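Enquirer: Below is the structure I would like to discuss, written out as C-alpha cells.
Chains as they are written, first to last, in my numbering: chain E, 1 to 291; chain P, 1001 to 1607.
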C-alpha cells in the first residue's frame, strides 16, 4: 500500500542511497577517466572502508576518529595498490587491467573474511545522530538524514578539489589527453598515484559513513560494485557530474520501485540502464568518442 | 598447418578423457571433482571462444549458465519431461536466445563498457530468477529432483548413475563440445574472430560485418553456457540459484585465465587446478576459509607475470626450447623484391558489376565539418575506369578525411558519393569494401599477432564469402578459390617467402607492403592508397613504386602521398587539395605549371 508518508520516506531513502552511490561512482569514474583503468576492486574498497571504520570505532569509541582513520587507511591502500601493481598495467590491454583489479578485489575480500569471519559486524551511529527526527509530516532516522548531509559535503569537497585546484586541473586535463599532459612536463605518474588514492578514499569514506546503516559482511562490496557500474553507464563513464546524476537517479529508482514491489527494484534499475544504452550509448552526461 | 594435426587433437582429447578415471582416479581424483571440472571446462569452451578468440571479456556468463540450467531443470522437474537430452538441448536454445538479446545490447559498446554492461545484465537475470520468476524457478531454493539421463537403444537400457557413470556421460558431452569448438576455430568464422580480437577496425575495413560476428561469438558462448548449466543440474540432481551469481562468472574467468586463454582447453586445466587446489588447501592443509585468498593471490600473480596461463606458458617454453635447438640453421629470409614477381590475383568474384561507362568513382559536393571546423568543402571529384589518380596537398588539406568518407569510415556532412553509378553515401565501411572499394592505411592497420598469410586470408575471406556468413563448421581450406587468391596476393606484394612469419617480426617496408596486400586481397576494382610511401628507405621506396606499377593493371588507383617525384612519375592526373577544397586538377605537367598550386603548395619557388 503506497501512502504519502511511505512515499516520502522512500524518497529520502532513495536520496541517501543515491548520494552514497554517487560518491562511490565518482571515485570509480575519476580513476577510470584519469588512469584509463576500470577498478573492479572498487566494491572491495567500499567494504574495506566499512571494516576499517569498524576497527577504529571499536578501538576508540569515536565515530569521527573512525571516519578519519578509515579514510586515511584507504588512501594508503589505494596508493600502495597503484604503486605495486596497477602502474605496471597502464600499457597493457584493458582486459588485463580488468582482470588484475578483479583479482585484487577477491584478495581483499578474502583477507577480510580471514580476519573477521563471515559473520556480520555492526557500527553504531554517533550519539548526536542516534534516534529519529520529526520532519513534521513524518519521522525519519536521524543518522540517515546525516548521511545525506555528510556525503553532500564530501561531494562538494571532491568537486572543489577537481575543479578549483591545480591538481584537479591536471586531473581533468589528464582525462582529456594524458599523453599531452605528460608532454607538457607534468609528472603524470605522481598525479595517477594521487588520483588512485582519492578514488579509493571516496569508496572507503562511503563505506564508513554507510556502516551504521547496514551490517558489514566481506561480500557487501559485490552488489555495490554492480550498482556503481550501472550508475556510471547511466551517467557517462569518466564524467564526475554524470556519476552524481546517475547515482541519484539509480538511488531513487531502487528505492521507489521497492515501495511498489521490492522484487522488481533491481530489475527496474537494469531496465533503465538498457534504455539509456539504447537512446544515448555514451551515457546521459558522457561525451561521444570515449569507449 | 591444419591438415596434419586436424584430427590429432581430437584423438588425444578422447584418449585423455578415457584414461583419466583410471590414472587420475587412482591418484585420488574424486569422481565428483572430475565431473565438476568437466562442466566448468565445457562452460569455459564457449567463454574462451568469446574472450580468448574474439577478445570480448564478458563478466555475465552466469546469466546463460543459469538460464540453460533452469529451463532444463524446470522441464525435467515441473513439466515432467522425461527425455533429459531433449531438455538439455531446449535449455541450450533458451540460453542462446537470451545471449542474442543480451548481445544486441551489450555489444553496442566495447572494452570496459562491455564488461560493465554484462555484469549488470547478469545481475538482472539473478534478480529475475530470485523473485519475480520464483514461482517457476523455486527462488532461493532452486529446483531439486533433476533426474539423470536414461538411454534406451535397441532394447538396451542404461540409466546414468552417480560418480564415474556420470563421468562417462559428461565426458561424452565435453568431447562433443570440444570437437565442435575445434571446428569453429578452424573455420573461416574462427579466423575472422581472431581478426576482430587483433584489430576490429581493419576487420571491418576488409569487408567483414564485425558486429554480426561478435554477436555470433556471443550466442555460441551462451549456448555452451546453457548446456553446462543444464548438466550442472543433472550432476547435482538439483539446480542451484547460485548458478546465476556474479561468483559463477568470476570463477569461470579465473579458471580460464589460469589455464590459458585462446586455447579451448585452458578452462578445463584451470578448473582442474582451481578445484583440486581447493580440495588440497582445505583438506590437507586445513586452511579453511583461507583457500580462496591463496587462489586469489595466485590469480593476481598469473595475470601479472603469466598472462597466457599455464597452457600458454608451456607453449612458450616449448617454443623457446625448439627455437634454441633450431637456431644455427638460421637462413636469412631475404625478401623477394616485388619487382621480380609478376603475379596476378584471380578475377573478382563479383559478377554483378554491370558494365558502366561513367566514372568509377564520383564525389558530388562532398563536405565534412567537425563542429565549426570544415575539413572538406564541396569537393567535386571523379575518377575514370583504369585511371591512376594522384591526390596531393599540404598537411591538413583534408586528404585523409576525404579518403575516410570515400570508404565509408566517416559519413559526409553533405554531398553524395557514387561508385560505379551507385550511391554509396552513408554505407558502412564493410559494405563499401564488399562493393569493391577499399583503401590501404597511412598508419599500418594489421592483425599483429597473426602470420602474414593469416592476415591475407582474412582479407581474402571477405571477398570469397561476403560480408557475413555462418559457415562455422566448414574448414577454412575448403573455401573455394581462397588459396589461389592468397598465394597470388602474397606473390604480388613480394611476401610469399615470409608467409608464415608473425606480422610483429616483419621489417617496416614489409609491413607497408602487407598493408597494401590486405587491401589487394579483397580484389577491389578501385583501390585508395593513403601515403603508401610514407617513412620508407630509398630502396623500399623504389620497390613499392614498382609494386604500384604492377598492381595498377586492371585496377583503378587513387594515391595520396607527399612524395612528389613518385606521384608525378606514376599518376596520369593529379588533384590538389588545399584547405579542404579542390584547388586544381590536371595532368602532372598542367599541375606543375599551375600558378595557384605553385603559390599555395610549392610556396611559389618553382616559378
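Glycine included, each C-beta is placed from N, C-alpha and C at the ideal position.
None of these values were measured; they are calculated from a predicted model.
Taking Cβ positions, are residue 110 of chain E and residue 1368 of chain P nearer each other than 7 Å?
Expert: Judged by beta-carbon spacing, residue 1368 of chain P lies beyond the 7 Å limit of residue 110 of chain E, meaning their Cβ atoms are not closer than that value.
Enquirer: Could you check if residue 1595 of chain P is buried or exposed, using at least 16 other CB atoms within 10 Å of its CB as the buried criterion?
Expert: When all chains shown are included, residue 1595 of chain P counts as exposed.
Enquirer: Taking 7 Å as the CB-CB limit, is residue 273 of chain E close to chain P?
Expert: Chain P, which has a Cβ nearer than 7 Å to the Cβ of residue 273 of chain E, makes this yes.
Enquirer: What are the boundary residues of the alpha helix (DSSP H) that includes residue 998 of chain P?
Expert: The structure shown does not extend to residue 998 of chain P, since chain P is modelled only from 1001 to 1607, so the question has no answer here.
Enquirer: Would you say residue 113 of chain E reaches chain P, if we count a Cβ-Cβ gap shorter than 7 Å as a contact?
Expert: yes
Enquirer: Under the three-state reduction of DSSP, which class applies to residue 1059 of chain P: helix, strand or coil?
Expert: Coil.
Enquirer: Report yes if the C-beta distance between residue 1116 of chain P and residue 272 of chain E is below 7 Å; otherwise report no.
Expert: no
Enquirer: Between the stretch 72-97 of chain E and chain P, which residues of the former have CB atoms less than 9 Å from a CB of the latter, in chain order?
Expert: 85, 88, 89, 92, 93, 94, 95, 96, 97
Enquirer: Does the beta-carbon distance from residue 1472 of chain P to residue 1184 of chain P come in below 7 Å?
Expert: yes
Enquirer: Kindly indicate which three-state DSSP category residue 85 of chain E falls into: helix, strand or coil?
Expert: coil
Enquirer: Can you tell me where the beta strand (DSSP E) holding residue 1158 of chain P begins and where it ends?
Expert: Per DSSP, the continuous beta strand (DSSP E) segment holding residue 1158 of chain P begins and ends at 1156-1159.
Enquirer: Leaving out five residues on either side along the sequence, give the residues of the same chain with a beta carbon under 6 Å from the beta carbon of residue 330 of chain E.
Expert: Residue 330 of chain E lies beyond the range of chain E shown here (1 to 291); nothing can be said about it.
Enquirer: List the residues of chain E whose Cβ lies closer than 9 Å to the Cβ of residue 1049 of chain P, in chain order.
Expert: Within chain E, no residue comes near residue 1049 of chain P; the closest Cβ sits about 15 Å away, beyond 9 Å.
Enquirer: Compile a chain-ordered list of the residues in the stretch 25-51 of chain E whose CB is closer than 8 Å to at least one CB of chain P.
Expert: 32, 38
Enquirer: Quick one: list the residues of chain P neighbouring residue 230 of chain E, beta-carbon separation under 7 Å, in chain order.
Expert: Within chain P, the residues 1120 have their CB atoms less than 7 Å from the CB of residue 230 of chain E, given in chain order.
Enquirer: If contacts are defined as beta-carbon pairs under 8 Å, then residue 1512 of chain P and residue 1538 of chain P qualify, I think. What distance do you get, rounded to the angstrom?
Expert: Not really, about 14 Å apart at Cβ, beyond 8 Å.
Enquirer: Just how far apart, CA to CA, sit residue 1150 of chain P and residue 1164 of chain P?
Expert: Near 15 Å, if we compare the C-alpha coordinates of residue 1164 of chain P and residue 1150 of chain P.
Enquirer: Closer than 6 Å by C-beta to residue 67 of chain E: which residues in its own chain qualify, once you throw out the five before and the five after it? Chain order, please.
Expert: 208
Enquirer: Excluding the five sequence neighbours on either side, which residues of its own chain have a C-beta within less than 7 Å of the C-beta of residue 947 of chain P, listed in chain order?
Expert: Here chain P has residues from 1001 to 1607 only, and residue 947 of chain P is not among them.
Enquirer: Answer yes or no: does any C-beta atom of chain E fall closer than 7 Å to that of residue 1012 of chain P?
Expert: no
Enquirer: Return the chain-ordered list of same chain residues with a C-beta closer than 8 Å to the C-beta of residue 1282 of chain P, the five sequence neighbours on each side being excluded.
Expert: 1288, 1291
Enquirer: Taking DSSP's pairing of strands, which residues face residue 1437 of chain P in a bridge?
Expert: P:1526
Enquirer: Let's test the definition: count the other Cβ atoms within 10 Å of the Cβ of residue 1157 of chain P and tell me whether it reaches 16, buried, or not, exposed.
Expert: Flag for residue 1157 of chain P reads exposed.
Enquirer: For residue 103 of chain E, go through chain P and note every residue whose CB falls closer than 7 Å to its CB, in chain order.
Expert: Those are 1296, 1299, 1300, 1303, listed as they occur along chain P.
Enquirer: Would you list, in chain order, the members of the stretch 1101-1135 of chain P that have their beta-carbon closer than 7 Å to a beta-carbon of chain E?
Expert: 1105, 1108, 1109, 1110, 1111, 1112, 1113, 1115, 1116, 1117, 1119, 1120, 1121, 1123, 1124, 1127, 1128, 1131, 1132
Enquirer: Residue 1343 of chain P to residue 1583 of chain P, Cα distance in whole Å?
Expert: Caution applies to residue 1343 of chain P, whose pLDDT of 46 falls short of 50 and renders its modelled position unreliable; the value that the coordinates give is listed next. Each residue's Cα considered, the two are about 38 Å apart.
Enquirer: Taking residue 1292 of chain P as the query, report the chain E residues whose CB atoms sit under 8 Å from its CB, ordered along the chain.
Expert: 106, 110, 113
Enquirer: Output yes if chain P places a C-beta closer than 7 Å to the C-beta of residue 222 of chain E; else output no.
Expert: Output row for residue 222 of chain E: interface = yes.
Enquirer: With H, G and I counted as helix, E and B as strand and the rest as coil, what does DSSP make of residue 1035 of chain P?
Expert: helix
Enquirer: Residue 1307 of chain P versus chain E: which residues are under 7 Å apart at the beta carbon?
Expert: 96
Enquirer: Quick one: Cα of residue 1337 of chain P to Cα of residue 1464 of chain P, how far?
Expert: Below a pLDDT of 50, predicted positions are generally treated as unreliable, and residue 1337 of chain P, at 48, falls in that range; the measurement from the model is reported next regardless. Rounded to the nearest whole angstrom, the C-alpha separation of residue 1337 of chain P and residue 1464 of chain P is 28 Å.
Enquirer: If the criterion is Cβ atoms closer than 7 Å, does the pair residue 1376 of chain P and residue 1212 of chain P meet it?
Expert: Going by C-beta atoms, residue 1376 of chain P is not nearer than 7 Å to residue 1212 of chain P.
Enquirer: Residue 1266 of chain P and residue 1309 of chain P look like a contact to me (Cβ under 8 Å); what is the Cβ gap, rounded to whole Å?
Expert: 5 Å
Enquirer: Would you say residue 1447 of chain P faces chain E, with C-beta separation under 7 Å as the test?
Expert: no
Enquirer: Alpha carbon to alpha carbon, how far is residue 1209 of chain P from residue 1409 of chain P?
Expert: 14 Å
Enquirer: May I ask you to verify whether the stretch 1027-1043 of chain P touches the stretch 1093-1103 of chain P, counting CB pairs closer than 8 Å and requiring at least 3?
Expert: Between the stretch 1027-1043 of chain P and the stretch 1093-1103 of chain P, the count of C-beta pairs closer than 8 Å stays below three; the two stretches do not touch.
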